[in-house]
Every structure is written in structure tokens, then in C-alpha cells.
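Report on the following structure.
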Amino acid sequence: MFFQSQVSDAQRARPASDVDQPIPGGMPLRIEGVSKTFPGRTGTVEALRPVNVDVAPGEFVCLLGPSGCGKSTLLSIVAGLEVATSGTVWADGRKVHGPGTDRVLLFQEAALFPWLDVQRNVEFGLRQAGMPARKREALARRFIELVHLKGFERSYVHQLSGGMRQRAAIARALAIDPAILLMDEPFGALDALTRDRLHVEVESIWAATRKTVLFVTHNVREAVALGDRVLVFSPRPGRIVREFRIDLPRPRSLEDHTLVDKAAEIVAVLREAIGDQEREEVHEWRKR
Amino acid sequence: MAKAVNVFSQRVQRVSRASLASWLRRIVFFAALLTLWELIALSGIWPDYLFPGPIAVFSTLVAGVSGGLYLQAALVSLQRLAIGYGISLVIGLTLGLLIGRIRILEETVGSLILGLQALPSVCWLPLAILWFGLSEQAIIFVVVMGALFSITLGVDAGVKNASPIYLKAARNMGARGVALYTQVILPSALPAILNGLKQGWTFAWRSLMAGELLFFTLSLGNLLENGRDLNDASQVMAVMVLIIIIGVTIDALVFVPFERSVRERWGLQG
């Protein structure tokens, strides 16, 4: 509740009763036949097989898969920071050509600028947009409060813990008010307790702002706790092997047995995908 | 918070005690050195005008400074240094950025600069005199040649080693064009740039002194040369001391605080 009042203050007011119903606060996102190959030492390396995903506005979609399955690459492509080998990304019906502030990417390393303090980091995007100093200062302060970093405005990155860095990075991203948040294992390097707390915060921020979220993770618990939908990727070359819709009420408890069952089901699919991949590799190896 | 402050003050105390001891050792060392110097001078192995003691050098220094001559000379030298270093700074930053960001420039201009960096800047002196005559421009040219390549290579290294994730994040948040350079690429390269700036400054200072030895107006280098002409070793040594003092002062007033602030922000302490 605390977040909701703060966020709606900063963004747009939403009646509390609408929280259960996805409201188009974010943009629709369409990933159409996007693939990626890299030139490698022994010919081209296929990182991502053509992927098709349709994301509704305000939907929270988790991309789950083992490390190196191309899910981060997919996120970079959606952000416009990498070019797809084939296929197209459509954000709000417009073709994605490069980076844009309608889609902001959050990195695992937080990627805060070490030469700026928290306040200036959060102001960075606003400054690029040409917002006058006083206005962006006030706005940044509001987002710093939203992520519970009040009192750390003048701190530099190395003075913050891993969790605080991610909070600052979230504030920095939210300040730009993107319609789509792209989160690339943002909590991958955090301890379990901090991670759980940040899940709760991300969920309530999302509930209040209804941004479209693409969340990359290799953690099944994280995926079922947060996602409306979980897309399970196979190991490299990545492709979507199964899609799970998670209709459990929020906020979700990780002790809830339906959630645990769902997680177990997803783990089984993931194992099978990894096993298939290994069998295929052995087969390939034998053929040679 | 109170605990943190407490730990901090404890650390300050410990640091200050350690630094007090180290200062004490330093003072004892220099006092012994000066005493030894004075004793050798007094022993009369060499004549006074070739090997004056510290007391004679110090009194020459005081006389020269209070007479205004040394300060005037120092000002002339510092002005040249400022102009030369300023020019190297502007060219070096631009060139370093371009080399660091553009592949073809790195392969061509970059390797040229790497080669020129190996050339001691005094080697530019004959050419400078041929081109500019015994003039102000010749000296400034040598100073620029002394500092430019270090600064350029420092900026280049900083830009190349800057983590690409900052660039990605910045572009993602709408930074482009000049803002990308001034607000992201340059600041992210600052620690390495600082090394280049420091090295450039020491080279500039050395080149300046070399250049001024040939030049006949009032300047620090020329005071040295003048002392030699007059067979006055105590003036030569007094000016050498002055040059050391100026060098150390600029380092302490400009580069040490700059370096400290960068280290603190980046958390590179210790």
C-alpha cells in the first residue's frame, strides 16, 4: 500500500480495486522470429533460435533458463542494444530500431555510474531528456524514497550494498518512466533474504505502475513468485520449450503448496530440456 | 551511524599516529642529510663556489626570493608551463578520445603516438629551434611535445578499459552524441586519464626546464644557466631547490587532491 500511494503520486493515480486486473499501463510487446548468431572460432555460433513472444501491456513475463541460453541476448535485443540476426521486435506496434527510453534495461551488475552519487545517478536519464535541474532533483528524490534509499542520496556506488545498488538502479530506471522494464537477472548476485525483500518491492511497484516487465532469471522460485507467465528456455541455442501461466493470487508466498507444485513442474521441464541438449551433444560428438 | 563514526575516528587516530611516526623518520633523515652536506662543505675538499653548504644555498635562495628575481623567473616559467600544458590537455583529451573510440585511428595514429612517446621530449628541442627560432613558441612546443603523448595515451587507455556496461546503460537511458562523451565516456575513464595527466605534467615540467636552459630571458631554467656562467654553484643549487619546491607544491595542490577525490568516489582506497 505504501508503495502504491507513492508511485501513483509520482506517476498516475490508480484506484486500488483495479490492482487485480491488468491495466494497460505498460506497452504491448511483440517479439517476432527473433534469433541471434555470433561469428565464432569454428563457424557461426547459434545463440538464440527464432523466438516468438507476445506480451500484453502490463504483463509480467519471466524468461527462465540455464546460463548461456540466450535469454539475456534476447533482452538486449528488445532493449535495442543488440541487433537481431533475424526477426523483429515491436513495442507498442512500432518497430524497435535502437535503444529508447520506453524500454529500460536493468543489469545484474546494477551498472550505476561510480562517478555519480545516488541522486545524480537517478537523475541521469532525466538530464538526458533535458528536464530542468530543480524538477529532476525533486523527481529523483521521490524515486529514491520509493526504493527506501532516503538518506543515501549523496552516497557513491561503492558505499552501497548489493541490494541497495539494485534499488538505486530500479529508481534510476523508474525515474525515466519507461513503459517496459527489462530486468536481466537483476537479483542474481544477491543473498536469498535480500532477494526475497526485493521481490516484494518489485511486485508492489509493478502492481502500482502496471509496467510491462520482461524478467530474465535462472531461478525457478523467482520466476514463479513474480511471473504472470514463465517461458522456459532450452540451453544454447536457446528456444522456448514450454510456457507456464501462473494464475496464483498476489502477493505470493513461496510456502504456498500450489506454487511449490508449479515450481516442481517447471524444474522437471527444465531438467528434460537440459537432458535433451546433453543427449544431442553426445549424439553429435559420436557422429564425428 | 554512531558506530560507523566511532570506527572512522578510531581509524583516523591510528592513521595519524602512523603518519606521525613516518614524518618523524623523514625529518630525522633530512636533518642528517643536511648535516652531512654541511660537514662535507665545511671540510674544504672542494672550493666554496663549487660545493656550497646548505646554509649558503639557503641564504642565496632567501636573497633571490626576497629580491623578487626568483619569483619573477618562476612566474615566467609557470606561465609557459600553463600554456604548454593547457594546449596538450585540449589536444590530448580530444586525440585520446578519438583513438580510444575509432578503430582505424587507433591502428594508425595510435601506433604513431606510441612510438613518439618513446622519444625523450628534449629531442624535440633542436627541431623546435630550427622551426621557431630561440623564441617563446619553441619552448612551448617542447613542453607540448613532452606532455601531449602521455595525456593522449592515458585518455586512450581509460576509454578502452572503461566497462562497456556503462555505455550500454547510458545509451539505454537516452544519452547520445556529445553528452555520451562528456557525461559517460570521459568520467568513466577518469582514473586512467588521471594517470596520464600526472605523467604528462611531470614530462611537461622537465621539458620546460630543458628548453629554458637554452633561452635567454628571465626564467628558472635560465637562472640555472646563469649560475653556471657566473661560477656560482650556490645559485644553481638554490634554483634547483626552488624547482623542486614548485614541483612538489603543484603536485600537492593539484594532483593529490584530484586523485584523492577520484579514489574516494570510485572506492579505490587502500
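Those protein sequences? They're chains A and B, same order as listed. Residue numbering for the first sequence follows our numbering, starting at 264 and increasing by one per position. Residue numbering for the second sequence follows our numbering, starting at 10 and increasing by one per position. Don't be surprised by glycine CBs; every beta carbon is placed ideally from N, CA and C. The model shown is predicted, which means the values in this text are computed figures rather than measured ones.
Below-8 Å beta-carbon distance, residue i vs any chain A residue
i	result
Trp275(B)	yes
Lys177(B)	yes
Asn181(B)	yes
Ser197(B)	yes
Ala184(B)	yes
Arg26(B)	no
Ile174(B)	yes
Ala166(B)	no
Ala188(B)	yes
Leu29(B)	no
Ala11(B)	Its pLDDT being 49, under 50, Ala11(B) is placed unreliably by the model, and nothing is read from it.
Residue range of the beta strand (DSSP E) that includes residue i
i	result
Arg549(A)	That residue, Arg549(A), is in no beta strand (DSSP E); its alpha helix (DSSP H) goes 520-550.
Trp353(A)	349-354
Leu445(A)	443-447
Ile503(A)	503-508
Leu368(A)	366-369
Within-8 Å CB hit, residue i to chain B
i	result
Ile439(A)	yes
Thr372(A)	According to the sequence shown, residue 372(A) is Glu rather than Thr. Output row for Glu372(A): interface = yes.
Leu344(A)	yes
Ala347(A)	no
Gly388(A)	yes
Pro287(A)	Because Pro287(A) carries a pLDDT of 47, less than 50, the predicted location of this residue cannot be relied on, and no value is offered for it.
Ala392(A)	yes
Lys550(A)	no
Gln284(A)	Annotation note: pLDDT 45 at Gln284(A) (below 50); position unreliable, coordinate value reported separately. It does not: the Cβ of Gln284(A) has no partner Cβ on chain B nearer than 8 Å.
Range of the contiguous alpha helix (DSSP H) that encloses residue i
i	result
Leu263(B)	A small fix is needed here, since residue 263(B) is Val in this sequence, not Leu. Run containing Val263(B): none; DSSP gives neither H nor E here.
Arg237(B)	229-238
Val74(B)	63-75
Ser216(B)	199-222
Contact test: residue i Cβ vs the ligand PLP heavy atom, cutoff 7 Å
i	result
Pro395(A)	Looking for the ligand PLP in the displayed structure turns up nothing, as the structure carries no ligands at all.
Mind the definition here: the stretch 159-175 of chain B touches the stretch 204-220 of chain B only if three or more C-beta pairs lie below 8 Å; say whether that holds. yes
The stretch 397-416 of chain A / the stretch 336-343 of chain A touching (three or more Cβ pairs under 8 Å): no
Write down every uninterrupted run of the alpha helix (DSSP H) in the stretch 388-413 of chain A whose length is 4 residues or greater and which is fully enclosed by it, in chain order. 396-409
Taking 8 Å as the cut-off, does the stretch 211-220 of chain B touch the stretch 418-427 of chain A (at least 3 CB pairs, one atom from each stretch)? no
Ranges of the alpha helix (DSSP H) found wholly within the stretch 300-341 of chain A, counting only runs of at least 4: none
Every unbroken beta strand (DSSP E) within the stretch 103-183 of chain B, with a cutoff of 3 residues, ordered by chain: none
Report yes or no: do the stretch 169-189 of chain B and the stretch 241-256 of chain B share at least 3 C-beta pairs separated by less than 8 Å? no
Which residues of the stretch 250-274 of chain B have a Cβ closer than 9 Å to any Cβ of chain A? Give them in chain order. Val271, Glu273, Arg274
Listed from N- to C-terminal order along the chain, which residues in the stretch 461-484 of chain A have their beta-carbon within a distance smaller than 7 Å of any beta-carbon of chain B? Of all residues in the stretch 461-484 of chain A, none has a Cβ within less than 7 Å of some Cβ in chain B.
Does the count of Cβ pairs from the stretch 111-118 of chain B and the stretch 136-154 of chain B closer than 8 Å reach three? no
Near-chain B residues of the stretch 414-427 of chain A - C-beta to any C-beta below 9 Å: Tyr419, Val420, His421, Gln422
What residues in the stretch 358-385 of chain A bring their beta carbon closer than 7 Å to a beta carbon of chain B? Within the stretch 358-385 of chain A, the residues whose Cβ lies closer than 7 Å to some Cβ of chain B are Pro362, Thr364, Val367, Leu368, Phe370, Glu372, Ala374, Phe376, Pro377, Trp378, listed in chain order.
Short-range partners of chain B found in the stretch 526-548 of chain A, where Cβ spacing is below 9 Å: none
Check each residue of the stretch 75-103 of chain B: if its Cβ is closer than 8 Å to any Cβ of chain A, include it; give the result in chain order. none
For a minimum of 3 consecutive residues, which ranges assigned as the beta strand (DSSP E) are wholly contained in the stretch 434-493 of chain A? 443-447, 475-480
Please confirm if the stretch 324-337 of chain A is in contact with the stretch 525-537 of chain A, defined as three or more CB-CB distances below 8 Å between the two stretches. Judged by pairs of C-beta atoms under 8 Å, the stretch 324-337 of chain A touches the stretch 525-537 of chain A, as three or more such pairs exist.
Between the stretch 378-389 of chain A and the stretch 447-465 of chain A, are three or more C-beta pairs nearer than 8 Å? no
Taking three-plus beta-carbon pairs below 8 Å as touching, is the stretch 352-364 of chain A in contact with the stretch 516-527 of chain A? no
How about the stretch 468-486 of chain A and the stretch 441-451 of chain A: do they share at least three Cβ pairs that are nearer than 8 Å? yes
Inter-stretch contact at 8 Å, needing at least 3 Cβ pairs: the stretch 362-371 of chain A / the stretch 395-410 of chain A: Output reads no: the stretch 395-410 of chain A does not touch the stretch 362-371 of chain A.
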